[in-house]
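When you line the sequence shown up against the working numbering, it's residues 1373 to 1883, in that order. Yeah, the Cβ is synthetic: ideal placement off N, Cα and C, and Gly gets one too.
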Amino acid sequence: MSGTFVGMPTFPIAARAALGDTQLRHNLAHATATIRDKRAKVVAEVDGWEELRLTGAAVKDRALHDLDRHLVDLEAALVAGGATVHWARDAAEANAIVVRVARAHDADEVVKVKSMATAEIGLNEALAAAGISAWETDLAELIVQLGDDLPSHILVPAIHRNRAEVREIFLRAMGSAGRPAPADLTDEPAVLAAAARAHLREKFLRAKVGVSGANFAVAETGTLVVVESEGNGRMCLTLPEVLISIVGIEKVVPTWAELDPLMRLLPRSSTGERMNPYTSTWTGVTPGDGPQEVHVVLLDNGRTHALADDVGRQALRCIRCSACLNVCPIYERVGGHAYGSVYPGPIGAILNPLMKGTGQGGVEGAQTDSLPFASSLCGACFEVCPVRIDIPEVLVHLRSKVVDGHRSDTVPLSLSHGLEAVAMKGAAWAFGDARRLAWAEKASGLAGRVLTRVGRTSLPGGRRAAGRIPGPGAAAWTGARDLPAPPRESFRAWWRRTGGGTHDDTHGDAS
Ligand code: SF4
1373 MSGTFVGMPT FPIAARAALG DTQLRHNLAH ATATIRDKRA KVVAEVDGWE
1423 ELRLTGAAVK DRALHDLDRH LVDLEAALVA GGATVHWARD AAEANAIVVR
1473 VARAHDADEV VKVKSMATAE IGLNEALAAA GISAWETDLA ELIVQLGDDL
1523 PSHILVPAIH RNRAEVREIF LRAMGSAGRP APADLTDEPA VLAAAARAHL
1573 REKFLRAKVG VSGANFAVAE TGTLVVVESE GNGRMCLTLP EVLISIVGIE
1623 KVVPTWAELD PLMRLLPRSS TGERMNPYTS TWTGVTPGDG PQEVHVVLLD
1673 NGRTHALADD VGRQALRCIR CSACLNVCPI YERVGGHAYG SVYPGPIGAI
1723 LNPLMKGTGQ GGVEGAQTDS LPFASSLCGA CFEVCPVRID IPEVLVHLRS
1773 KVVDGHRSDT VPLSLSHGLE AVAMKGAAWA FGDARRLAWA EKASGLAGRV
1823 LTRVGRTSLP GGRRAAGRIP GPGAAAWTGA RDLPAPPRES FRAWWRRTGG
1873 GTHDDTHGDA S
């Protein structure tokens, strides 16, 4: 149950399919507008929000700067608290550790609190291959799992579903996964939530092993922090005998004092709430209370690759609030699936290439390389990011890495990349020699005269646009924009003719 992102097409192909789904676009527009407005209201209440953002960014930068030291401190504190620490270089190692621990307890099922890291490594699929069922307990994740679907938002994985669709999924699939939905189920949110609660309660009480991620890991005490809104996390973290937490190494925060600004930034930026409803913290094992065996898997899986990138490492500050998704004009129209990853939207467009690497080739490489171009570079994501990740800066940086990574390809990355490469080669040839440049300037001046004459067009309101070439409707770029016509006379020609403007220049147009 639940799909996989493996083999997803490149962003432009997936986006075209998503744009044709009017129900999806309606659901997304409604949901993102609602969350966006809530966030804007509660952020406006905070005096010094900008200072708080700067503080949050500085905390994460400090943690990343000395990551090796903080991780060793975290490990020591976790072990002192009774936890077992495992280090996982990649998804395969992390999954193998979880399977081994679950098998050691003869578990044929685990309950999970929503965790991006476990979705990133494909833990559910790895557990299923080992004959172990993984039950999602977050409401939206449950909807995705029962619907044999994929998550499409960091915070609201089923944002692409409306409540009528959720009712249909519950009626159809709940029975095959445990307690069925009542036959008289309606699409009232409270009724749907009650059905999910009854379905999940059985699983919480039965499961011997719980699996979680962590929003933060405080190094000074070895304390893991999970932030959630439904209380399911609290059940997963306290009821099973064994708890396995998979924690990305970038989640470390050196001290409790440094956790404070992040805990103030996160709820307002994510759910638009002043404080978070359920914040669970646990430090190893407490005898007689909660899980008596705690395993913590510290996961790299490409994070050190991202950390090595001078420009891109700021992406590791991300606290997964999803504010950048909700303001992104691209995300709002195509949804999360088009990004082909558990990390969609603007942060996904940089995090995936940073962690997986660019210029890799193959289906997955092409999909990853398409992501930095999935943006209009409008900058809205940077404006709202609580830890000031300059996503447009990283996108531009990654675009150059993608292009560099494909310079020796015999087949261009795409038609537009191919045309751009040809144009750049032509420019390099012309600029490489003064005579060739003079010849090119003459040719472009001639073209400018012809095109300006042909291209005169009417603008709304009856105005005339001189010197603009209206784009043919079929061209992607000029279909919605006018291309400025080349000047009729080059600057050098104008200078020669007028002596730099010291005598007659009435015949030229060097604009
Ligand atoms: S990049 Fe910033 S806005 Fe986007 S999810 Fe991460 S912390 Fe939130």
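From this set, the options, which residue's C-alpha is nearest residue i's C-alpha?
| i | options | result |
| --- | --- | --- |
| Arg1636 | Thr1595, Val1414, Trp1654 and Ser1748 | Val1414 |
| Val1516 | Gly1708, Gln1739 and Ile1761 | Gly1708 |
| Val1451 | Ile1541, Arg1388 and Ala1591 | Ala1591 |
| Leu1767 | Ala1500, Arg1551 and Ala1721 | Ala1721 |
| Ile1702 | Ala1502, Gly1751 and Arg1808 | Gly1751 |
| Ser1813 | Glu1465, Thr1658, Phe1863 and Ala1403 | The residue asked about is misnamed: residue 1813 is Glu in this sequence, not Ser. For Glu1813, the nearest C-alpha among the options comes from Phe1863. |
| Leu1424 | Leu1638, Ser1548 and Ala1464 | Leu1638 |
| Gly1777 | Ala1695, Thr1651 and Ser1742 | Ser1742 |
| Glu1508 | Arg1569, Ala1429, Glu1560 and Arg1646 | Arg1569 |
| Leu1543 | Trp1801, Leu1518, Cys1608 and Ala1412 | Leu1518 |
| Asn1587 | Ala1553, Thr1651, Asp1805 and Gly1804 | Thr1651 |
| Pro1856 | His1875, Ala1865, Trp1867 and Gly1817 | Gly1817 |
| Arg1689 | Asp1762, Arg1705 and Glu1602 | Asp1762 |
| Trp1628 | Asp1520, Thr1653 and Asp1781 | Thr1653 |
| Leu1396 | Asn1534, Gly1737 and Ala1553 | Asn1534 |
| Arg1551 | Ile1541, Ala1567, Pro1529 and Val1563 | Ala1567 |
| Leu1770 | Pro1725, Ile1616, Val1783 and Thr1404 | Pro1725 |
| Leu1577 | Gly1872, Gly1873, Cys1608 and Phe1803 | Cys1608 |
| Tyr1715 | Ile1493, Asp1433 and Arg1388 | Ile1493 |
| Phe1745 | Pro1663, Ile1616 and Ala1387 | Ala1387 |
According to DSSP, residue i sits in a beta bridge with which residue or residues?
| i | result |
| --- | --- |
| Val1598 | Ser1652 |
| Ile1618 | Val1669 |
| Val1470 | None, per the DSSP bridge assignment. |
| Ser1505 | Glu1481 |
| Asp1661 | Thr1658 |
| Thr1490 | DSSP lists no partner for Thr1490. |
| Val1624 | Ala1589 |
Between which two residues does the beta strand (DSSP E) carrying residue i extend?
| i | result |
| --- | --- |
| Ser1584 | Val1581 to Ser1584 |
| Cys1592 | Before going on, a small fix: residue 1592 reads as Glu here, not Cys. Here Glu1592 belongs to no beta strand (DSSP E), and DSSP marks it neither H nor E. |
Check whether the Cβ atoms of residue i and residue j lie closer than 8 angstroms to each other.
| i | j | result |
| --- | --- | --- |
| Arg1685 | Leu1436 | yes |
| Pro1523 | Ala1565 | no |
| Ala1449 | Thr1558 | no |
| Val1473 | Leu1495 | no |
| Val1431 | Glu1447 | no |
| Ile1526 | Arg1692 | yes |
| Val1619 | Gly1656 | no |
| Leu1439 | Val1624 | yes |
| Gly1335 | Val1668 | Any question about residue 1335 goes unanswered here, given that the chain covers just 1373 to 1883. |
| Gly1712 | Gln1739 | yes |
| Pro1612 | Val1483 | yes |
| His1532 | Asn1399 | yes |
| Val1756 | Val1683 | no |
| Met1727 | Gly1644 | no |
| Pro1764 | Leu1787 | no |
| Val1485 | Asp1510 | yes |
| Lys1575 | Val1614 | no |
| Leu1697 | Ile1621 | no |
| Ile1504 | Asp1520 | no |
| Arg1821 | Arg1860 | yes |
| Gly1428 | Pro1758 | yes |
| Met1546 | Ala1555 | no |
| Ala1530 | Ala1501 | no |
Got a sec, what are the start and stop residues for the alpha helix (DSSP H) residue i sits in?
| i | result |
| --- | --- |
| Ala1687 | Neither: Ala1687 is in no alpha helix (DSSP H) and is coded neither H nor E. |
| Thr1870 | Phe1863 to Thr1870 |
| His1458 | Segment Thr1456 to Ala1460 is the beta strand (DSSP E) holding His1458; no alpha helix (DSSP H) there. |
| Lys1432 | Trp1421 to His1437 |
| Leu1743 | Run containing Leu1743: none; DSSP gives neither H nor E here. |
| Tyr1703 | Pro1701 to Val1706 |
| Thr1394 | Thr1394 to Ala1416 |
| Gly1720 | Gly1717 to Lys1728 |
| Ile1693 | Contrary to the premise, residue 1693 reads as Cys rather than Ile in this sequence. Run containing Cys1693: none; DSSP gives neither H nor E here. |
| Pro1384 | Phe1383 to Leu1391 |
| Arg1675 | Arg1675 to Leu1679 |
| Arg1646 | That residue, Arg1646, is in no alpha helix (DSSP H); it is neither H nor E in DSSP. |
| Val1516 | Leu1511 to Leu1518 |
| Gly1712 | No alpha helix (DSSP H) holds Gly1712; DSSP gives it neither H nor E. |
| Leu1522 | Element bounds for Leu1522: n/a, residue is neither H nor E. |
| Thr1610 | Asn1604 to Thr1610 |
Any heavy atom of ligand 2 closer than 7 angstroms to the Cβ of residue i?
| i | result |
| --- | --- |
| Arg1692 | Ligand 2 is not among the ligands present in this structure, which contains only ligand 1. |
- Query: Which runs of the beta strand (DSSP E), 3 residues or longer, sit entirely within the stretch 1524–1586?
  - Reply: 1581–1584
- Task: With a floor of 4 residues, list each alpha helix (DSSP H) that falls wholly inside the stretch 1751–1831, ordered by position along the chain.
- Result: 1752–1756, 1763–1777, 1787–1803 and 1806–1827
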